[in-house]
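Since the structure comes first, as structure tokens, the remarks are kept for the end.
Number of protein chains: 2
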Amino acid sequence: MQSFTEENYLKTIYHLAEKSSSVQTNAIAEQLQTKPASVTDMIKKLAEKGLVDYIKYQGVSLTTNGRLAAIDIVRKHRLWEVFLVDKLNFKWDEVHDVAEELEHIKSVDLIERLDEFLGFPKSDPHGDPIPDKNGRFAKTQFIKLIDLKINDLGTITGVSQHSSAFLKHLEKLGLTLGKEIEVKDITDFDGSVELLIANKPVNISREVAKHILISNNDKI
Amino acid sequence: MQSFTEENYLKTIYHLAEKSSSVQTNAIAEQLQTKPASVTDMIKKLAEKGLVDYIKYQGVSLTTNGRLAAIDIVRKHRLWEVFLVDKLNFKWDEVHDVAEELEHIKSVDLIERLDEFLGFPKSDPHGDPIPDKNGRFAKTQFIKLIDLKINDLGTITGVSQHSSAFLKHLEKLGLTLGKEIEVKDITDFDGSVELLIANKPVNISREVAKHILISNNDKI
DNA sequence: TTTTATTTTTAGGTAAATCTAAAAATTTTT
DNA sequence: AAAAATTTTTAGATTTACCTAAAAATAAAA
Ligand SMILES: [Mn+2]
Ligand SMILES: [Mn+2]
Ligand SMILES: [Mn+2]
Ligand SMILES: [Mn+2]
Chain W
1129 MQSFTEENYL KTIYHLAEKS SSVQTNAIAE QLQTKPASVT DMIKKLAEKG
1179 LVDYIKYQGV SLTTNGRLAA IDIVRKHRLW EVFLVDKLNF KWDEVHDVAE
1229 ELEHIKSVDL IERLDEFLGF PKSDPHGDPI PDKNGRFAKT QFIKLIDLKI
1279 NDLGTITGVS QHSSAFLKHL EKLGLTLGKE IEVKDITDFD GSVELLIANK
1329 PVNISREVAK HILISNNDKI
Chain C
1129 MQSFTEENYL KTIYHLAEKS SSVQTNAIAE QLQTKPASVT DMIKKLAEKG
1179 LVDYIKYQGV SLTTNGRLAA IDIVRKHRLW EVFLVDKLNF KWDEVHDVAE
1229 ELEHIKSVDL IERLDEFLGF PKSDPHGDPI PDKNGRFAKT QFIKLIDLKI
1279 NDLGTITGVS QHSSAFLKHL EKLGLTLGKE IEVKDITDFD GSVELLIANK
1329 PVNISREVAK HILISNNDKI
């Protein structure tokens, strides 16, 4: 059984490892708003518990046990987010912080029943996949909106940025999950993207387009 | 804002104060499964924060702020218990431990929405009243089943013992909330009580009868 | 390939919440 | 009222998760 803090470290290492296989001390420290020295301490502890592989100065990676533990936290986090949005009518930009707390509640039974109550959802309010109780989930092939070409069609199925500011911005533009979009133009001047959503034209910056994930059903 | 541990102390002091106005160090220690020396330390801290009144060797009592904080935890605990039973189909003897964790989730918005989602329940699965967001709740006048006389009628509206063993026992005997009972006899030999529930005779020990709370609608 | 900059680790310390053992205060019993 | 028992507090340690400052290792630049 891991402590609240250990769980947060495992989850952070898991998420950082999705980008680069070996995770660096400073990256963990920044993510967890703590100091590199503290990270080194905790990494040693997790290594002793067999949850991470660690070679001094060489970064850290999760062991099989560590990965399973991390995925379990991710599962809880995402199920709670679904609960907050589907049942308690939170907006998708309001759920992250509360889920950060709820994910640490320790009861296997609770999370199985919650999963059932929610109808065994496959993805959370941000389009992220929800692992099953064995830690398995479909690794979805997403394309970034920024990588689409003019005239490409697609459906918004995820976001790679969960900040409230970003999500509220998307909401205002009508860029929510499930919406179909078409790329009409890519501006030379600033790389901003001209979209068509529900027959309405919308212009988004490169920065926004980078963090919208698309499943491209069809191309013309 | 209180820590997880401070919240547990406040809640414990609140519950103990329902029995005797001044709460003793040893009683708190026993309830929290800790040592009296640790309790003294924490009491000093809570006193400095203005949450308890404390005179050395004279026991401790909650200030107005302390009481409000304690009632807020109790409110959360009981609302989560309702959620677990009504929505996730937990049994009434399975919810306490999980609620002990959930009660510490810090989000005013969450608990307001949960309250609404549950239909603003007035009592929890054990018949205990749920305070509103201002800490107000009806102080219900309960009678212990043990104090009833032969031929008295009543409705089971609460229990003063929340252990799983006790609640499972009641369940097996059909002694659940809302059931109407009639006292048929009180055994001379061991003080056990002969009841009639749904026209069936049930015999319960004194110990059990002590912890069943009755609202006595009528007497014959 | 040195020199410089960056990253990471160690050394030593702090605060919160515990503990044990011993001292002090209070309560109960003789 | 004195002695004995109980309760409570203090003193001094321990553990967890942090920190700062300095040293060591690695990576980048000259
Ligand atoms: Mn989230
Ligand atoms: Mn999410
Ligand atoms: Mn309870
Ligand atoms: Mn209850």
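Line order of the protein sequences matches chains W and C.
1129 is the number of the first residue of the first sequence in our numbering; add one for each residue after it.
1129 is the number of the first residue of the second sequence in our numbering; add one for each residue after it.
Beta carbons are placed, not taken as given, at the ideal position from N, Cα and C, and that holds for glycine.
How about residue i and residue j: are their beta carbons less than 9 angstroms apart?
i, j, result
"glutamate 1308 of chain W", "threonine 1283 of chain W", "yes"
"tryptophan 1208 of chain W", "leucine 1305 of chain W", "no"
"glycine 1286 of chain W", "isoleucine 1340 of chain W", "yes"
"aspartate 1252 of chain C", "arginine 1206 of chain C", "yes"
"leucine 1212 of chain W", "valine 1223 of chain W", "yes"
"threonine 1168 of chain C", "aspartate 1181 of chain C", "no"
"isoleucine 1342 of chain W", "leucine 1273 of chain W", "yes"
"asparagine 1344 of chain W", "leucine 1276 of chain W", "yes"
"valine 1151 of chain C", "alanine 1145 of chain C", "yes"
"glutamate 1134 of chain C", "lysine 1177 of chain C", "yes"
"aspartate 1225 of chain C", "serine 1131 of chain W", "no"
"isoleucine 1239 of chain W", "lysine 1250 of chain W", "no"
"leucine 1295 of chain C", "arginine 1241 of chain W", "no"
"serine 1292 of chain W", "lysine 1338 of chain W", "no"
Could you tell me how far apart the beta carbons of residue i and residue j are, in whole angstroms, since I believe they sit closer than 8 angstroms?
i, j, result
"histidine 1297 of chain C", "valine 1336 of chain C", "7 angstroms"
"valine 1210 of chain C", "leucine 1246 of chain C", "5 angstroms"
"alanine 1198 of chain C", "leucine 1138 of chain C", "4 angstroms"
"glutamate 1229 of chain W", "isoleucine 1233 of chain C", "5 angstroms"
"aspartate 1318 of chain C", "arginine 1334 of chain C", "7 angstroms"
"isoleucine 1325 of chain C", "leucine 1303 of chain C", "7 angstroms"
Is there at least one Cβ from chain W nearer than 9 angstroms to residue i's Cβ?
i, result
"asparagine 1217 of chain C", "yes"
"aspartate 1237 of chain C", "yes"
"phenylalanine 1245 of chain C", "yes"
"glutamate 1158 of chain C", "no"
"lysine 1347 of chain C", "Low confidence applies here, because lysine 1347 of chain C scores a pLDDT of 44, under 50, leaving its location unreliable and the question unanswered by this model."
Can you find a C-beta in chain C that's less than 9 angstroms from the C-beta of residue i?
i, result
"isoleucine 1233 of chain W", "yes"
"valine 1210 of chain W", "no"
"leucine 1144 of chain W", "no"
"arginine 1241 of chain W", "yes"
"leucine 1230 of chain W", "yes"
"valine 1151 of chain W", "no"
"valine 1226 of chain W", "yes"
"glutamate 1135 of chain W", "no"
"glutamate 1222 of chain W", "yes"
Using 10 angstroms around the beta-carbon of residue i, count the other beta-carbons present and answer buried if the total reaches 16, otherwise exposed.
i, result
"asparagine 1154 of chain W", "exposed"
"isoleucine 1278 of chain W", "exposed"
"methionine 1170 of chain C", "buried"
"phenylalanine 1218 of chain C", "buried"
"glycine 1194 of chain C", "buried"
"glutamate 1231 of chain W", "buried"
"valine 1311 of chain C", "buried"
"isoleucine 1141 of chain W", "buried"
"arginine 1264 of chain C", "exposed"
"lysine 1204 of chain C", "buried"
"histidine 1254 of chain C", "buried"
"aspartate 1200 of chain W", "buried"
"aspartate 1243 of chain W", "buried"
"aspartate 1256 of chain W", "buried"
"histidine 1143 of chain W", "exposed"
"asparagine 1136 of chain C", "buried"
Look up residue i in the DSSP assignment and say whether it is helix, strand or coil.
i, result
"glutamate 1310 of chain C", "strand"
"glycine 1282 of chain C", "strand"
"proline 1329 of chain W", "strand"
"leucine 1246 of chain C", "coil"
"tyrosine 1085 of chain C", "Beyond the ends of chain C as shown, which are 1129 and 1348, falls residue 1085 of chain C; an answer cannot be given."
"lysine 1173 of chain C", "helix"
"leucine 1341 of chain C", "strand"
"valine 1151 of chain W", "strand"
"proline 1164 of chain C", "helix"
"leucine 1295 of chain C", "helix"
"isoleucine 1201 of chain W", "helix"
"lysine 1272 of chain C", "strand"
"leucine 1230 of chain W", "helix"
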